[in-house]
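Numbering (UniProt numbering), first residue to last: 1 to 530. Positions of the beta carbon are idealized from the N, C-alpha and C atoms, including for glycine.
What follows is the structure, given as structure tokens:
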């Protein structure tokens, strides 16, 4: 049956009216699932969602929300992009060359950040001088050519004298067939004293994007190589090759302290710049207006020039309305998982416990987009129990399908806005706790965790109280110091009097104390999320 769909680039969801669903269902059985999602039209009117179903559009499975009013069927923006019906163009492309021309040196060569880095080592660790590893004959000439190139750039230097430390060389072929030559510092890393510098939290960065409409991203060219080593540290980073010894003059990839030191440099460069954020070698700026973005781009590049930090022009993105960053696609509407991450999760073949652990690890990374994830993953986690026998059953297969569907059709989460009121929603079940952080009824983040064996024996009211505590602890960085509305999906009408007036078990007492430590109001009605 052919159906005409209206492409609506302003819609975050695909909409199917109930009367059309019934017509389609007569032709071919279409399973409708339950849905607690609440949708709001452009005019602000609430739409009654009666369920959700999957339809094939141009041979592509898409999630549709079935609504009761007689409306036109709508294909939202994300689905329209997936089907290549629309393309989000970059804004003002003619102005990009002007940015590059204004500070062209920032995009040329490999930078040299101020100062010299001295590697501190543990004197009790015995130095190891590794022999050179043999290379396949087919890559000998290419490796020698790459070593000569690195020597010309000042990354490495031929070492004529013996050194106490010498690490093997590792050769990696990139997707573009070029070679990357690295140090294998596994033994050296055991001797290095790391500074334990705090790495930025992606969530902290994303919470600053409320109100942003335009985004730009700069990528540091060979980031670690922009850090100079002092003479003593250079000898520590000696690489043994079939062509002799080479000492790194710049910080090599693979060294345990490199990420922390590089982040330390980057923080110092962009210190006190609220409109500029960095995560390893990626620097992001944003603006509420085009002019604001342009001003911040120039500010970012000027700071880079002052510190001789160089950016990779090929990896630079300027003036985007949607930007791939930290495994997310960010826009003015919020953030959603990177489609490449979703595809990688869907492509994993789970054949043993190790594969399952890898799968669950990747799923957890996008867990904030999936409500009650711990409940869905329970059949899979049961397979990881110490004495569990590896045997995939229908329950596990259904869990994988549910997870993949939930992630593939995950909603766009709103950016946290510190100027808006906050609601924390919590729920509990037999095996897990669920939570959501909301603003204006829109979800900012989901969270969940499983209950341990002792917690599963709690009375339901104790689980509900524990759910509130979990939600408040999970979203602590968002709600601390604020008045928070706590919303619970309790099955009974109101347990507040029961909590206070009845004699309390010590588990409940601890939970009540934690809840009362917050400045909060409680709503015991059933919650709904947009």
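Residue 438 holds the alpha-carbon nearest to the alpha-carbon of residue 423 among 145, 413, 438 and 295. In the DSSP annotation of this structure, the continuous segment of the alpha helix (DSSP H) that includes residue 80 starts and ends at 77-82.
If you draw a straight line from the Cα of residue 68 to the Cα of residue 35, it comes to about 13 Å.
Of the candidates 477, 261, 188 and 407, the residue whose Cα lies closest to the Cα of residue 124 is 188. Secondary structure of residue 359 (DSSP, three-state): helix.
For residue 150, the closest alpha carbon among the candidates 286, 340, 239 and 161 is that of 239.
With a cut-off of 8 Å on Cβ pairs, the stretch 476-491 is in contact with the stretch 450-468, counting three or more such pairs. For residue 486, the enclosing beta strand (DSSP E) begins and ends at 484-488. Exclusion of the five residues before and after residue 33 leaves 51, 52 and 53 as the residues of its chain whose Cβ lies within less than 8 Å of its Cβ.
Distance check between residue 460 and each of 432, 477 and 440 places 432 closest, using alpha-carbon atoms only. Distance between residue 209 and residue 75, taken at the CA atoms: about 27 Å. The alpha carbon of residue 341 has as its nearest neighbour, out of 317, 409 and 1, the alpha carbon of 409. Straight through space, the alpha carbons of residue 396 and residue 241 are spaced by roughly 49 Å. One alpha carbon belongs to residue 369, the other to residue 413, and they sit about 7 Å apart. A residue is called buried when at least 16 other Cβ atoms come within 10 angstroms of its Cβ; residue 131 does not meet this threshold and is exposed. C-alpha of residue 418 to C-alpha of residue 482: approximately 10 Å in a straight line.
Annotation: residue 464 to residue 473 spans about 14 Å, alpha carbon to alpha carbon. About 18 Å separates the CB atoms of residue 247 and residue 120; that is not less than 8 Å, and the two are not in contact. DSSP places residue 374 inside the alpha helix (DSSP H), whose first and last residues are 373-382.
Under the DSSP assignment, residue 264 falls outside any beta strand (DSSP E), being part of the alpha helix (DSSP H) whose first and last residues are 258-269.
If you draw a straight line from the Cα of residue 199 to the Cα of residue 339, it comes to about 25 Å.
Inclusion of residue 167 and residue 179 in the CB contact set at 8 Å is not warranted, their separation being larger than that value. Counting only the Cα atoms, residue 353 lies some 7 Å from residue 390. Three or more Cβ pairs drawn from the stretch 207-224 and the stretch 291-311 lie within less than 8 Å of each other, which places the two stretches in contact. For residue 470, the three-state secondary structure derived from DSSP is helix. In this structure, residue 49 keeps its C-beta atom at 8 Å or more from the C-beta atom of residue 27. Between the stretch 248-266 and the stretch 286-294, the count of C-beta pairs closer than 8 Å stays below three; the two stretches do not touch.
By alpha-carbon distance to residue 17, the top candidate from 4, 29, 71 and 1 is 71.
Bounds of the alpha helix (DSSP H) holding residue 478 are 476-479. Judged by DSSP in its simplified three-state form, residue 250 adopts strand.
Short of 6 Å from the beta carbon of residue 107, and not among the five residues preceding or following it, lie these beta carbons of its own chain, in chain order: 311 and 313.
Rounded to the nearest whole angstrom, the CA to CA distance from residue 377 to residue 334 is 26 Å.
Judged by DSSP secondary structure, residue 392 falls outside any beta strand (DSSP E); it is assigned neither H nor E. Taking the C-beta atoms as reference points, residue 63 is found no nearer than 8 Å to residue 25.
Going by DSSP, residue 338 is part of no alpha helix (DSSP H) at all; its letter is neither H nor E. Rounded to the nearest angstrom, the gap between the Cα atoms of residue 274 and residue 8 is 35 Å.
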